[in-house]
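Student:
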Amino acid sequence: MATSPGPTPDRHSPDPRRGDGHRSRHGPLVAILSGAGISTDSGIPDYRGPQGLWRKDPDAEKLVTYDYYMTDPDIRRRSWLMRRDSPAWKARPNAAHEAVARFEQSGRPVRVITQNVDGLHQLAGLPDRKVLELHGSSRTVVCTQCGASSPMEEALRRVEAGEDDPECAECSGILKSATVMFGQALDPEVLGQAVGVAKACDVFLAVGTSLQVQPAASLAEIAVEHGARLVIVNAEPTPYDGMADEVVREPIGEALPRLLEELGPA
Numbered sequence: 003m004a005t006s007p008g009p010t011p012d013r014h015s016p017d018p019r020r021g022d023g024h025r026s027r028h029g030p031l032v033a034i035l036s037g038a039g040i041s042t043d044s045g046i047p048d049y050r051g052p053q054g055l056w057r058k059d060p061d062a063e064k065l066v067t068y069d070y071y072m073t074d075p076d077i078r079r080r081s082w083l084m085r086r087d088s089p090a091w092k093a094r095p096n097a098a099h100e101a102v103a104r105f106e107q108s109g110r111p112v113r114v115i116t117q118n119v120d121g122l123h124q125l126a127g128l129p130d131r132k133v134l135e136l137h138g139s140s141r142t143v144v145c146t147q148c149g150a151s152s153p154m155e156e157a158l159r160r161v162e163a164g165e166d167d168p169e170c171a172e173c174s175g176i177l178k179s180a181t182v183m184f185g186q187a188l189d190p191e192v193l194g195q196a197v198g199v200a201k202a203c204d205v206f207l208a209v210g211t212s213l214q215v216q217p218a219a220s221l222a223e224i225a226v227e228h229g230a231r232l233v234i235v236n237a238e239p240t241p242y243d244g245m246a247d248e249v250v251r252e253p254i255g256e257a258l259p260r261l262l263e264e265l266g267p268a
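Residue numbers (the numbering used here): 3 to 268.
1. Hey, residue 153 and residue 126: beta-carbon distance below 8 Å or not?
2. Could you tell me the boundaries of the alpha helix (DSSP H) in which residue 184 lies?
3. Quickly, what does DSSP pair residue 178 with across the bridge? List them, please.
4. Output needed for residue 100: all residues of its chain with C-beta closer than 6 Å, excluding positions within five of it in sequence on either side, in chain order.
5. So, are the CB atoms of residue 203 and residue 222 less than 8 Å apart?
6. Taking just the CA atoms, how far does residue 78 sit from residue 92?
7. Suppose you measure from the CA of residue 69 to the CA of residue 185; what does that come to, to the nearest Å?
8. Where does residue 27 sit, in a helix, a strand or coil, going by DSSP?
9. Residues bridged to residue 34 by DSSP?
10. Using a Cβ-Cβ cutoff of less than 6 Å, which residues in the same chain neighbour residue 43 once the five nearest sequence positions on both sides are dropped?
11. Consult DSSP for residue 212 and reduce its assignment to one of helix, strand or coil.
12. My output table needs one value for residue 104: the three-state DSSP class, helix, strand or coil.
13. With a threshold of 8 Å on Cβ separation, who are the neighbours of residue 215 within its own chain once the five nearest residues in sequence on each side are excluded?
14. Which word fits residue 217, buried or exposed, when buried means at least 16 other C-beta atoms lie within 10 angstroms of its C-beta?
15. In the structure shown, what three-state DSSP assignment does residue 44 receive?
16. Cα separation between residue 234 and residue 195?
17. Of all the options 207, 86, 199, which has the alpha carbon lying nearest to the alpha carbon of residue 165?
18. Can you give me the Cβ contacts of residue 20 inside the same chain, cut-off strictly under 8 Å, excluding the 5 residues immediately before and after it?
19. Within the same chain, show all residues whose beta-carbon is closer than 6 Å to that of residue 84, passing over the 5 residues directly before and after it, in chain order.
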């Protein structure tokens, strides 16, 4: 079987701490935590899987580590080349992204908490306000000195024109993608909203994530502690499989559309 049930939690009456705000006339709230695995069918490789980038080239992790990036010009130059050549620019939403967008368009209350920085959920049609990007966005550039932001496309045009480490046009500071690098903390406001969604949802789907990176992974446990049904869709085992109501090993592009269809429209 492609699915396996986890232990059946003791379902109590609604926790008064949760209130009934998560229940709308359209149905209970569904939360989706998406990781790199949801985008592999779009041609974007994951990081920690059997064919993941970090396993193939452990040194590549330095390119997205804040201290290395800020202190080593060569790391920055290589990082800009990595951004320029990223498959994300040609990637299109796949069946899983499209299924989530259709689910939202059906009227069901849904929030996506994503560890991805590719923007494919929004390209599939999910409104920005319903996507919490825990690790930021690769489609924006930010200055590490003055905080000015601009589209990534502008910076990459400068790289193509010969600037191997483009500076901030406002203050000449170091530019980086508006993503959370290793060594940086998550945006506390975004994380706080994600925790709120985990506490309020009735169903929590962890899709294409190894559930090894904290604090994102702990959202699954928070959801379970507040009474949500946990479903994990991932090719490899995760540390949270034991507390899941269902573990699915099928390809995400097949499994997620089916699971969302089973949950039904508003």
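Even for Gly, the Cβ is constructed at its ideal location relative to N, Cα and C. In this text, all values refer to a predicted model and were calculated from it rather than measured experimentally.
Tutor: The short version:
1. no
2. First-last for residue 184: undefined, no H or E at that position.
3. 144
4. 126
5. no
6. 23 Å
7. 7 Å
8. At residue 27, the pLDDT of 46 sits below 50, so the modelled position is not reliable; the number obtained from the coordinates is stated separately. Three-state DSSP puts residue 27 in coil, outside helix and strand.
9. 114, 207
10. 96, 255
11. coil
12. helix
13. 117
14. exposed
15. helix
16. 21 Å
17. 86
18. Note that residue 20 scores 36 on pLDDT, short of 50, meaning its location in the model is unreliable; the coordinates nonetheless yield the value given after this. These residues qualify, in order along the chain: 201, 202, 228, 229.
19. 65
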